[in-house]
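Trainee: Next up is a structure, given as structure tokens.
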Amino acid sequence: MERANGHWAERIGVVALVSVLLGGAAYGWAELRALLSGVTASTALDGQARPGGDTNILVMGLDSRLDERGEPLPAELYEQLHAGDQHVGGYNTDVLMLLHVPADGGHPTVISVPRDDYTDLAGCPDGVCQGRIKEAYGYAFAAAAKRLAAQGVTEKADREQRSRDAGRAAEVATVRQFLGGVAVDHFVEVTLVAFYQLAQVVQPVTVCLTEAAHDSYSDADFPSGQQRISAAQALAFVRQRRDSRHEFTDLDRERRQQAFLVSLAHQLKESRVFGDPEKLGQLVSVARENVATDSGLDLNALARQAESFAGGDLTLASLPVERFEKDARGEDVNIVDPVEIRAAAARLLGRTVPPPPAATAGPAVDVVNASGRAGAAARVLRTLPSRGYRVGRTSNARHTHRTVVHYGRGDSAAAAKLVAALGGGYGVGYDGALAAGELKLVLGTDFREKDGQVDPVPVAPVSPADELSGGGVPCVR
Numbered sequence: 001m002e003r004a005n006g007h008w009a010e011r012i013g014v015v016a017l018v019s020v021l022l023g024g025a026a027y028g029w030a031e032l033r034a035l036l037s038g039v040t041a042s043t044a045l046d047g048q049a050r051p052g053g054d055t056n057i058l059v060m061g062l063d064s065r066l067d068e069r070g071e072p073l074p075a076e077l078y079e080q081l082h083a084g085d086q087h088v089g090g091y092n093t094d095v096l097m098l099l100h101v102p103a104d105g106g107h108p109t110v111i112s113v114p115r116d117d118y119t120d121l122a123g124c125p126d127g128v129c130q131g132r133i134k135e136a137y138g139y140a141f142a143a144a145a146k147r148l149a150a151q152g153v154t155e156k157a158d159r160e161q162r163s164r165d166a167g168r169a170a171e172v173a174t175v176r177q178f179l180g181g182v183a184v185d186h187f188v189e190v191t192l193v194a195f196y197q198l199a200q201v202v203q204p205v206t207v208c209l210t211e212a213a214h215d216s217y218s219d220a221d222f223p224s225g226q227q228r229i230s231a232a233q234a235l236a237f238v239r240q241r242r243d244s245r246h247e248f249t250d251l252d253r254e255r256r257q258q259a260f261l262v263s264l265a266h267q268l269k270e271s272r273v274f275g276d277p278e279k280l281g282q283l284v285s286v287a288r289e290n291v292a293t294d295s296g297l298d299l300n301a302l303a304r305q306a307e308s309f310a311g312g313d314l315t316l317a318s319l320p321v322e323r324f325e326k327d328a329r330g331e332d333v334n335i336v337d338p339v340e341i342r343a344a345a346a347r348l349l350g351r352t353v354p355p356p357p358a359a360t361a362g363p364a365v366d367v368v369n370a371s372g373r374a375g376a377a378a379r380v381l382r383t384l385p386s387r388g389y390r391v392g393r394t395s396n397a398r399h400t401h402r403t404v405v406h407y408g409r410g411d412s413a414a415a416a417k418l419v420a421a422l423g424g425g426y427g428v429g430y431d432g433a434l435a436a437g438e439l440k441l442v443l444g445t446d447f448r449e450k451d452g453q454v455d456p457v458p459v460a461p462v463s464p465a466d467e468l469s470g471g472g473v474p475c476v477r
């Protein structure tokens, strides 16, 4: 199943920082500390780190064509990236990875959170209470930018960083909530250009594919098996979201990118990059221009721990997705089971798996058939219990073209969720006559009845908490 409008390079940008840290042992901690002094420090998480114990670090990769200071990139970089200029992109977090480092020195784990997972957004940033998990940052950034402008904050750099801090705090809170209250002690934020610049320093990189790949959109053209690729080829390797021969999903691309991270870390350990002051300086420059962390993150301590990452003592896990759908705006979303997500996160982090919550009744849905197709309302109504809704009544009405979900006070999010469950692309409208917990679905002639009758296609490529171990060069699709 194809996913559209995806961004790619920022997903591996975390390696820019970790790669610099991996060189610490070879280069010297004092020298490394001095070199990393220019990395942007944020106050977004001040006071939230836990003293002692395990450490959880959220890695966020921004869909932005600007550097960490909000400034445009050099023109030649835009040309090389083939991803538009400073006017393209935004502040969605198109990569979300939680790095879990056990206090007892055990193997670290990286949990990848698919960017399009549909969930509640903590604090309803900019008035939006539900959306794709990657959008919490952008909504909060936009709300803060408008508020600061109204307050008369005119200095660009100050407004940019304060707006980003609002985005960072909102994204951290949303991920924490999504994973079932998992603590987030620190964060690392990376911008889009970091991946390409890093690949230029360390190319070529050895990767492995289980089957040949070809995609004219990303210029991916790789045989099966192990191979060495350049920086330009690396972009295609992690960017691919279609294939002319095989079904390819956003989750396949996520695994491709995880595998590239493992391969790159392995190569950095085996190569002499960190014995070359010029190349190490280039890596540090990538971190300075394209990385931000919370002010409480001890980069030197992380650097010491990061030595094990390249030694193979790293597990990368993907969270389960039930199916692909579209939301009320027609955007691609991943539908997930919150109970399954939280249980998977607990297992991966060595926590007690929470018991399933007591069953709660969802909204009651009345279905009005205005489509002109006999029995459509009854057929749709039969599918609602399996989707978590209570069954209401059916009725008929004069034909109308537009399918609309009507809602009462406080139920706008529930209406949008029902639209997404039905395949997306339908309208929502307020109806003051409806009580709380009641929705009315009016089926128009535009209703795609198959969306209301058959179960959406499940996502097959990734099993629950699917894992990939670090070390060596893993082979993926």
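Numbering (the UniProt record's numbering), first residue to last: 1 to 477.
Glycine residues also receive a C-beta, built at the ideal position from the N, C-alpha and C atoms.
Excluding five sequence neighbours on each side, which residues of the same chain lie with their C-beta closer than 7 Å to the C-beta of Arg387?
Mentor: The residue labelled residue 387 in the question sits at position 387 within the sequence shown. Only Ala421 meet the Cβ criterion.
Trainee: When the distance is taken between beta carbons, is Thr93 closer than 8 Å to Tyr137?
Mentor: Walking along the sequence shown from the start, residue 137 turns up at place 137. Walking along the sequence shown from the start, residue 93 turns up at place 93. Contact: yes.
Trainee: Given 8 Å as the limit, is there contact between the region 162 to 175 and the region 255 to 269, that is, 3 or more CB pairs closer than that?
Mentor: In short, these stretches do not touch, since the Cβ pair count stays below three.
Trainee: Would you identify the three-state DSSP class for Thr109, choosing helix, strand or coil?
Mentor: Reading the sequence shown from its first residue, position 109 is the one you call residue 109. Three-state result, Thr109: strand.
Trainee: Whether or not the region 222 to 232 and the region 194 to 210 are in contact is what I'm after, with contact meaning three or more pairs of Cβ atoms, one per stretch, closer than 8 Å; do they touch?
Mentor: Contact holds: three or more Cβ-Cβ distances are below 8 Å.
Trainee: Is it the case that the region 148 to 162 contacts the region 319 to 334, given that we only count it when at least three CB pairs across the two stretches are under 8 Å?
Mentor: Touching, no, given that fewer than three Cβ pairs across the two stretches are closer than 8 Å.
Trainee: Of all the options Ser64, Arg147, Phe222 and Gly281, which has the alpha carbon lying nearest to the alpha carbon of Arg256?
Mentor: Indexing the sequence shown from 1 puts residue 256 at position 256. Cα-wise, what sits closest to Arg256 is Phe222.
Trainee: In chain order, what residues of the same chain lie with their CB nearer than 6 Å to the CB of Ala259, ignoring the 5 residues before and after it?
Mentor: For the purposes of this step, residue 259 is identified with residue 259 of the sequence shown, where counting begins at 1. Only Pro474 and Val476 meet the Cβ criterion.
Trainee: Find the nearest neighbour of Asn334 within the set Lys279, Arg115, Gln130 and Gly362, judged by alpha-carbon distance.
Mentor: What you label residue 334 is simply residue 334 of the sequence shown in a count that begins at 1. The shortest C-alpha separation from Asn334 is found at Arg115.
Trainee: Would you say Gly423 and Arg448 are within 8 Å of each other, going by their C-beta atoms?
Mentor: Within the sequence shown, residue 423 is the residue found at index 423, counting from 1. Within the sequence shown, residue 448 is the residue found at index 448, counting from 1. Going by C-beta atoms, Gly423 is nearer than 8 Å to Arg448.
Trainee: How big is the Cα-Cα spacing for Phe113 and Val391?
Mentor: Here residue 113 refers to the residue found at position 113 when the sequence shown is read from its first residue. Here residue 391 refers to the residue found at position 391 when the sequence shown is read from its first residue. Contrary to the premise, residue 113 reads as Val rather than Phe in this sequence. Taking the straight line joining both Cα atoms gives about 33 Å.
Trainee: So which of Gly350, His406, Leu235 and Gly106 has the shortest CA-CA distance to Val367?
Mentor: Translated into the one-based positions of the sequence shown, residue 367 becomes position 367. Measuring from the Cα of Val367, the nearest candidate turns out to be His406.
Trainee: Taking Ala344 as part of the alpha helix (DSSP H), name the residues at either end of that continuous run.
Mentor: As a working note, residue 344 is residue 344 in the sequence shown. Run containing Ala344: Pro338 to Leu348, per the alpha helix (DSSP H) assignment.
Trainee: What does the alpha-carbon distance come out to for the pair Glu53 and Lys279?
Mentor: Along the sequence shown, read from residue 1 onward, the residue named residue 53 stands at position 53. Along the sequence shown, read from residue 1 onward, the residue named residue 279 stands at position 279. The sequence given here places Gly at residue 53; Glu does not occur at that position. If you take the alpha carbons of Gly53 and Lys279, they lie about 35 Å apart.
Trainee: How close, in whole Å, do the beta carbons of His401 and Asp446 come, if the pair is a contact with beta carbons under 8 Å?
Mentor: One-based indexing of the sequence shown puts residue 401 at position 401. One-based indexing of the sequence shown puts residue 446 at position 446. With a Cβ gap of about 6 Å, His401 and Asp446 count as contacting.
Trainee: Taking 8 Å as the limit between beta carbons, can you name the residues of its chain near Gly432, skipping five residues before and five after?
Mentor: Your numbering for residue 432 matches position 432 in the sequence shown. Answer for Gly432: Gly408 and Arg409, listed in chain order.
Trainee: How big is the Cα-Cα spacing for Leu98 and Gly375?
Mentor: On the sequence shown, residue 98 is found 98 positions in, with the first residue counted as 1. On the sequence shown, residue 375 is found 375 positions in, with the first residue counted as 1. Whole-angstrom Cα-Cα distance: 48 Å.
Trainee: Return the CA-CA distance between Tyr139 and Val128, expressed in angstroms with no decimal places.
Mentor: In the sequence shown, counting from the first residue as 1, residue 139 sits at position 139. In the sequence shown, counting from the first residue as 1, residue 128 sits at position 128. Taking the straight line joining both Cα atoms gives about 8 Å.
Trainee: Round the Cβ separation of Phe178 and Leu58 to the nearest angstrom and send it over; I've been treating them as touching at under 8 Å.
Mentor: What you label residue 178 is simply residue 178 of the sequence shown in a count that begins at 1. What you label residue 58 is simply residue 58 of the sequence shown in a count that begins at 1. With 8 Å as the limit, Phe178 and Leu58 do not qualify as a contact, their Cβ atoms being about 11 Å apart.
Trainee: Beta carbon of Ala44, beta carbon of Asp165: below 8 Å?
Mentor: Counting from 1 along the sequence shown, the entry for residue 44 is found at position 44. Counting from 1 along the sequence shown, the entry for residue 165 is found at position 165. It is a contact, given that the beta carbons lie within the stated cut-off.
Trainee: When you measure from the CB of Val286 to every non-hydrogen atom of the ligand GDP, does any distance come out below 7 Å?
Mentor: Ligands displayed in this structure: none; no statement on the ligand GDP is therefore possible.
Trainee: Roughly how many whole angstroms lie between the Cα atoms of Leu381 and Arg132?
Mentor: Indexing the sequence shown from 1 puts residue 381 at position 381. Indexing the sequence shown from 1 puts residue 132 at position 132. Distance between the alpha carbons of Leu381 and Arg132 is about 27 Å.
Trainee: Excluding sequence positions up to five away, which residues of its chain have a Cβ less than 6 Å from the Cβ of Leu297?
Mentor: Position 297 of the sequence shown, counted from the start, is the residue given in the question as residue 297. Cβ within range, chain order: His186.
Trainee: Going by CA-CA distance only, name the one from Ala103, Val182 and Ala287 that's closest to Tyr196.
Mentor: Taking the sequence shown and counting its residues from 1, one reaches residue 196 at position 196. Answer by Cα proximity: Ala287.
Trainee: Pick helix, strand or coil for Ala416, following the three-state DSSP scheme.
Mentor: Taking the first residue of the sequence shown as 1, we reach residue 416 at position 416. Residue state, collapsed to three classes: helix.
Trainee: Mind checking who Ala364 pairs with in its DSSP beta bridge?
Mentor: The residue you call residue 364 lines up with position 364 of the sequence shown. Paired residue(s): Arg390 and Glu438.
Trainee: Could you check where the alpha helix (DSSP H) with Lys134 kicks off and where it finishes?
Mentor: To locate residue 134, count along the sequence shown from 1; it is residue 134. Unbroken run through Lys134: none, as it is neither H nor E.
Trainee: Between Val238 and Arg253, what straight-line distance do the alpha-carbon atoms span, to the nearest angstrom?
Mentor: As a first step, residue 238 must be located in the sequence shown, where it is residue number 238. As a first step, residue 253 must be located in the sequence shown, where it is residue number 253. Going from the Cα of Val238 to the Cα of Arg253 covers about 7 Å.
Trainee: Using the Cα positions of Ala234 and Leu198, report the straight-line distance between them to the nearest angstrom.
Mentor: Within the sequence shown, numbered from 1, the residue matching residue 234 stands at position 234. Within the sequence shown, numbered from 1, the residue matching residue 198 stands at position 198. The alpha-carbon atoms of Ala234 and Leu198 are separated by roughly 10 Å.
Trainee: By Cβ distance, which residues of its chain are closer than 6 Å to Thr119, with the 5 residues on each side in sequence left out?
Mentor: Start at 1 with the first residue of the sequence shown, and residue 119 comes out as number 119. Around Thr119: Ile133 and Phe178.
Trainee: Give the single residue among Gly123, Ser318, Gly330 and Leu77 whose Cα lies nearest to the Cα of Val336.
Mentor: Numbered from 1 along the sequence shown, position 336 holds the residue referred to as residue 336. Minimum Cα distance to Val336 is reached at Ser318.
Trainee: Our contact map puts Thr293 next to Thr109 with C-beta atoms below 8 Å; I'd like the distance itself, whole angstroms only.
Mentor: Residue 293 sits at position 293 when you count from the first residue of the sequence shown. Residue 109 sits at position 109 when you count from the first residue of the sequence shown. Between Thr109 and Thr293 the Cβ distance is about 20 Å, and since that is not below 8 Å, they are no contact.
Trainee: Quick check: His399 and Gly372, are their CB atoms within less than 8 Å of each other?
Mentor: Residue numbering aside, residue 399 sits at position 399 when the sequence shown is read from its first letter. Residue numbering aside, residue 372 sits at position 372 when the sequence shown is read from its first letter. Taking 8 Å as the Cβ cut-off, His399 and Gly372 qualify as a contacting pair.
Trainee: Compare the C-alpha of Asp67 against each of Asn56, Thr40, Asp46 and Thr55 and name the closest.
Mentor: By one-based count along the sequence shown, residue 67 stands at place 67. Cα-wise, what sits closest to Asp67 is Thr40.
Trainee: Can you list, in chain order, the residues of its chain whose CB lies under 6 Å from that of Ser163, leaving out five sequence neighbours each side?
Mentor: To locate residue 163, count along the sequence shown from 1; it is residue 163. So the list reads Phe141, Ala144 and Ala145, once near-sequence residues are dropped.
Trainee: Helix, strand or coil for Thr352, going by three-state DSSP, please let me know.
Mentor: On the sequence shown, position 352 is the one that residue 352 refers to. The answer is coil: DSSP assigns Thr352 none of H, G, I, E or B.
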